[in-house]
Structure formats: structure tokens, C-alpha cells
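Quick notes on the structure that follows.
There are 2 protein chains.
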Amino acid sequence: MNIKEAAGFLAGKDNILILTHSRPDGDTLCSAGALAYGLNKLGKRSFLLKNPEAAERYLKYTGKFFAPGDFEPECIVSVDVARETMITLGGEMYADRVELAIDHHASNSRYAENSCVEPGAASCGEMVYDIVCELGIPLDPELAALLYIAVTTDTGCFVYTNTSARTLEIASRLVAAGAPNGRLNKELFRTKKRGIVLLEGEIISNMKFSHNGEIAVATITQKLMADFGVVEAELEDIASLPGQIEGVKVGITIKEQPDGRSKISVRTVDGVNANEICAKFDGGGHPCAAGCTLNFPPETAADMIVEASGESL
Amino acid sequence: MNIKEAAGFLAGKDNILILTHSRPDGDTLCSAGALAYGLNKLGKRSFLLKNPEAAERYLKYTGKFFAPGDFEPECIVSVDVARETMITLGGEMYADRVELAIDHHASNSRYAENSCVEPGAASCGEMVYDIVCELGIPLDPELAALLYIAVTTDTGCFVYTNTSARTLEIASRLVAAGAPNGRLNKELFRTKKRGIVLLEGEIISNMKFSHNGEIAVATITQKLMADFGVVEAELEDIASLPGQIEGVKVGITIKEQPDGRSKISVRTVDGVNANEICAKFDGGGHPCAAGCTLNFPPETAADMIVEASGESL
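Chains A and B, in that order, give the protein sequences.
For the first sequence, our numbering assigns the number 158 to the initial residue and increments by one for each residue that follows.
For the second sequence, our numbering assigns the number 158 to the initial residue and increments by one for each residue that follows.
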């Protein structure tokens, strides 16, 4: 389905339950929230299935759209969910009932009856913006804010390479419609928990370099996280840290797991293939960002992944 | 003068020398470069006066527009220069000959014969974009890239509160015209010198908190800069660091000077007035960002500025 067809499909439905993905980000939650908000404006009943893993910073904007316990959905829609196994915890029973998947992952497995997939969109926020416009729903400040959060969280506030002219054009219209971009940017991109900032300082100070500074390794042990009162879920951004240092071609982040294993993120530039490096350890991902898990403590794991990275330089 | 009048003025001139401001940023250099490039496209001779303080990351895009030694200008234009005392080193002799100042600072002192000042513009890049369009100069990838750098450096890549719907709209058109936003963002916003990253780590680890965590102080000594091979000019971004920590209302950065004095930056949120704090020490600035210099070493200066900040909480 294209955007027009997806909008037409939604126009003919009511009592719509919207599914988000597990370990939810701003795009899945706020795109879904924007869609529910828009459908409500059309006089339809529409809710998000409660996502128990939603972080407080997104919950404050989307929690009110979570379905009440007695809601009986007639139509199931998913937003930003690439495979049925990625549906939010608690949504397993709906996996084979999804009538429409709205998604921007090229890898979408076409699990839904109808799929509206646009790999060129930087976020599902862009797609829901188009659907909302197609349905003739006016952009008010609340709707604009939801879509602004969706668009910015998936582009790092317009800094990632997925940001297109279209992304910026849509953002411009959202701000014009009243999305409080200055406040939202401060909240989402310029505010960090004290423990995280201090932990980052510690990690940076102890970063290890090799291969003429082309490989950098940051290690986060369980002890460090405990010392600074930080949990792993709060450290999503940290994987990009070593790769931001001038001259570094392979940025490696090692997170020690509670069971002593090492979860590894690899970020690469200049044609070095992260996917190839991680594949040596049964991991994988994209050419510039991949991951793997090693059954060794961080120090041993560091030696292994650095050696494998050196071969790919 | 408004944009239309400024464009008309430039259309009637030739042999135009463009001045930038001292301690130049991406906006003054690349807006000026974009203007010279555009005027050249119209068949005019136009150059930037060499700015000896230009950083390599902007020089690579604008150095080729610097005037040759034998250039005899007939018309002097300034871009992003709020006062004549802020004209680039080497441009003093032109201070009373500026025929047109293109600027977005509300504080522009009207030193030029004609002033085109738009305080609502987040960057001079937005104004030069409008002038270039008004003159009918087509946007090609090189011109678009220059303007994109100007627009993004003054908005922190669209994250600062000065970013407007118009900023994003212009950015969208620049990307559509071929500005390589992904590569430029990586270069300008996602790459840091190793010494700077390590110095930041050290500074963060040693940050001092007081007043229930509402005041944070980061101190950069001469010794630290020497240890990490970093000069003060490379540390412009660092003033925003303490203020990004959750709960901090006054973020203070102290840079020890070679003569032992303390240069202080204050960043505030939630209505705490940075200007008021710095005014107590003969400094000043804006309500959310101000500065002052204390004739004391960092430790003493820290006590003084923290006490003054505490009174403003």
C-alpha cells in the first residue's frame, strides 16, 4: 500500500489498536501516538497497546493514548515494527492479526495483511505526517509535537545521514504548526542524567586506542554502572562515542553483562565494514553499525574484537 | 534596508570586498563565502578579506574566496559583524568604509552606511540565502553547501532555540539543491579531536556540584590544556556541558588564562539570569548565556561565582 491507500484503509475502520515495537524509541511511540490522536480527531476510537518498556520521556507524551483494559479492538495496526517478533511485550496475541503495518524499514518481513513500507523515510513520523495530511486532519500544536519527537529521535535531531530534504521540510511545517522545537530539543537532546554524564567522563578517560589511533575501545563494566547508578538501557547513545574521535575508523563499545559476557557495538567509517567484523563472532547488522556478544569478560573480548577489527582496516 | 533593498544595492556594485568577524565561526565565513560565490556567478568580482583566525574546518570551504594582495575594492560589505570593533584582524582600515552590513544581531551598532539587520534570522546564512534568491542566482551544490554550513553552525545543527520553521525550510531547500548534509554533519558535529574528547572526559569527571545539584562547575586549567594538547579556541562548545546535566540550573565553566586569571562562562535555565550573575563581576551577555573575567585563580573564582549564582537561584 502507498500512503494514499493506507489513509483510505484507515478512513474505513474504527476501534483501531496500534502496536509499537519492543524496546521502544521516540519514533514508534510518538508516530503511533500521533496516529491515534489524528484518528480520534476524525471521531474514531483508537488507542495504543500499552508498551511496558516505554521510557518516561516518551510516556509523558503518549501514555494517555494507551488502551483501557476493556477496549475491544476491531482493527490492528502496527507502526515502526519490522517483524512480528518485535511487537511490544504484551502484544504477542495480535501478531497474526495485524491488518496494516506502517513502517520505514526496508527489512520489513511483510507479516501484516497490508504493508505500507517506505524505506526512504527517515522515520515513521514522516509517514504518519503524510497519512494525517492525506486524511485532512489539521495539524495542531499537540499533533505537531508528537510528530516532531518522532522525526527528531530517529534522525538525532537532523544530524544522521538519513535526514533528507523531505525530513527538514516536514519538520519546518511541524514547527510552523506549533511544535515547541526549542523546548523539545532541550528535553530530548540537551539534557542528560548526572550519573550518565559522569560515567561518560570516566569511560572517555579510560578509552583504549590502537592501530595508530584508528581503533578506539570504550568499556562499560557492571561495576561502573553500579557506581554511577546507571542501567544499560540508559546508555543507548554511548555506542557512537568512540567513533566520533578524529582519526578513529572503528569505534568499539563493550558493555559487560550481568552474567559476565560482553555485548559489543561496532561503529565504522571510511568503508570499514562493521557487519563483517561482527560476523566473525556470529553477530551482524549494517555496514557502518553492527553488534555481537562474546562469552568472555570485557578485557579478553576487547583483545578479540580489536584483532578482528585490525584485519578489516 | 530589507533583503530586497540589500540585493538591489549589491546588484549595482562591483569589486566587492566582504568582511567577516574576528574569532570567526561557520556563519560569518560561509555566509560571506556564499555571497562572494553568488556575486561571482553574476559576473562580478568579489572576495572575502582574509581572516587570519579562520579554523581549518571552515578554511577548506572558504579560503579560495580570500582576496589576492592586489585586489582594489570599490565597495565594502560586512557579514555577521555586529560592531566595527569586531571586524576581522587586518580589516581595521575598512571600519569606516562599510557600505552595507548584513547582520542578524539585534545589537548591531549601525556602524555601516546601510544596515540590513534581521534579528529573527537564526543565522546570516538565512539572510544570504534570501539575498541570493532575490538576485536570481541558482542554487548549485557548492553554494548550497556553503549556506548549509552557515545555517547549521549557528543553530548547533537545528538544536538551539533560535531554530525556526524558516530555518528548517531553508535547510530543506539547500539539501534538495545538493548540500551534502550527511557528510557535513559528520564533519562539523560528529567529529572531535582526540585530545578534546579526553580533556572533556577529565573535566566531566572532576566537575563540582553544589546547591542540591543546581549549580555545576567545570574547570579547565592551563595544565589540563597542555596535557591534552588543546588550545582554548578549540573549546568553544565546552561551555554548554555542565548545563546539560539534569537538574542543573546554573552551568559554570572556568577557563584559566595564561596570566592566571579566570575567564568564566555561565549558562542558565528555568529563569535564572546569567546576565545578572556576571554583571556582579563587570561581565554580561544574555539572560541564558553570559560571561565575565575574574582576577583570581580558578579555585577562588569558582567560590565567588558559585556564591553569586546561589543568590540568583
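Even glycine gets a Cβ: it sits at the ideal position worked out from N, Cα and C.
Predicted model, so just to flag it, every value in this text is computed and none were measured.
Residue i touches chain A at which residues, Cβ-Cβ below 7 angstroms?
i: residue 285 of chain B; result: Going along chain A, no residue has its Cβ under 7 angstroms from residue 285 of chain B, so there is no contact; the nearest lies around 18 angstroms.
Could you tell me whether the Cβ of residue i comes closer than 7 angstroms to any Cβ of chain B?
i: residue 325 of chain A; result: yes
i: residue 223 of chain A; result: no
i: residue 255 of chain A; result: no
i: residue 369 of chain A; result: no
i: residue 332 of chain A; result: yes
i: residue 112 of chain A; result: Because chain A spans 158 through 470 in this model, residue 112 of chain A falls outside it and cannot be assessed.
Given a cut-off of 7 angstroms, decide if residue j and residue i are closer than it, judged by their beta-carbon atoms.
i: residue 420 of chain A; j: residue 450 of chain A; result: yes
i: residue 428 of chain A; j: residue 404 of chain A; result: no
i: residue 327 of chain B; j: residue 357 of chain B; result: no
i: residue 188 of chain A; j: residue 236 of chain A; result: yes
i: residue 411 of chain A; j: residue 376 of chain A; result: yes
i: residue 233 of chain A; j: residue 254 of chain A; result: yes
i: residue 352 of chain B; j: residue 387 of chain B; result: yes
i: residue 446 of chain B; j: residue 424 of chain B; result: yes
i: residue 245 of chain B; j: residue 329 of chain B; result: no
i: residue 289 of chain B; j: residue 442 of chain B; result: no
i: residue 407 of chain B; j: residue 367 of chain B; result: no
i: residue 182 of chain A; j: residue 310 of chain A; result: yes
i: residue 495 of chain B; j: residue 334 of chain B; result: Given a span of 158 to 470 for chain B in the structure shown, any question on residue 495 of chain B remains unanswerable.
i: residue 239 of chain A; j: residue 280 of chain A; result: no
i: residue 241 of chain A; j: residue 252 of chain A; result: yes
i: residue 198 of chain B; j: residue 259 of chain B; result: no
i: residue 413 of chain A; j: residue 362 of chain B; result: no
i: residue 374 of chain B; j: residue 380 of chain B; result: no
i: residue 354 of chain B; j: residue 402 of chain A; result: yes
Ignore the nearest five residues each way along the sequence and tell me which others in residue i's own chain have a CB closer than 6 angstroms to its CB.
i: residue 263 of chain A; result: 276
i: residue 346 of chain B; result: 314
i: residue 400 of chain B; result: 408 and 424
i: residue 298 of chain B; result: 335
i: residue 285 of chain A; result: 188, 191 and 192
So is residue i in contact with chain A if we call contact Cβ pairs under 7 angstroms?
i: residue 349 of chain B; result: yes
i: residue 403 of chain B; result: yes
i: residue 329 of chain B; result: yes
i: residue 187 of chain B; result: no
i: residue 315 of chain B; result: yes
i: residue 236 of chain B; result: no
i: residue 346 of chain B; result: yes
i: residue 193 of chain B; result: no
i: residue 354 of chain B; result: yes
Since residue i meets chain B, which of its residues come closer than 8 angstroms, beta carbon to beta carbon?
i: residue 357 of chain A; result: 358 and 361
Quick one: which chain A residues come within Cβ less than 9 angstroms of residue i?
i: residue 138 of chain B; result: Limits of chain B in this structure are 158 at one end and 470 at the other, which puts residue 138 of chain B out of reach.
Counting only Cβ pairs nearer than 8 angstroms, list the residues of chain A close to residue i.
i: residue 263 of chain B; result: Residues of chain A passing the Cβ test: none, with the nearest at roughly 18 angstroms.
Looking only at its own chain, which residues have a Cβ that is under 7 angstroms from the Cβ of residue i, when we skip the five neighbours before and after it?
i: residue 271 of chain A; result: 158, 166, 256 and 257
i: residue 312 of chain A; result: 279, 280, 319, 320 and 324
For residue i, which residues from the same chain have a beta carbon less than 8 angstroms from its beta carbon, with the 5 sequence-adjacent residues on both sides left out?
i: residue 438 of chain B; result: 421, 449, 450, 451, 461, 462 and 465
i: residue 209 of chain A; result: 245, 246 and 247
i: residue 229 of chain B; result: 172
i: residue 432 of chain B; result: 441, 442, 443, 444 and 447
i: residue 206 of chain A; result: 174, 175, 176, 177, 223, 224, 245, 247, 248 and 251
i: residue 350 of chain A; result: 387 and 391
Worksheet item: Using 8 angstroms as the threshold, is the stretch 297-307 of chain B in touch with the stretch 176-188 of chain B, meaning 3 or more CB pairs across them?
Response: yes
Worksheet item: For the stretch 161-170 of chain B against the stretch 215-228 of chain B, are there 3 or more C-beta pairs whose distance is under 8 angstroms?
Response: no
Worksheet item: Is the stretch 385-398 of chain A close to the stretch 164-182 of chain B, with three or more CB pairs under 8 angstroms?
Response: no
Discussion item. For the stretch 326-346 of chain B against the stretch 311-330 of chain A, do three or more pairs of beta-carbon atoms, one drawn from each stretch, fall closer than 8 angstroms, so that the two count as touching?
Written reply: yes
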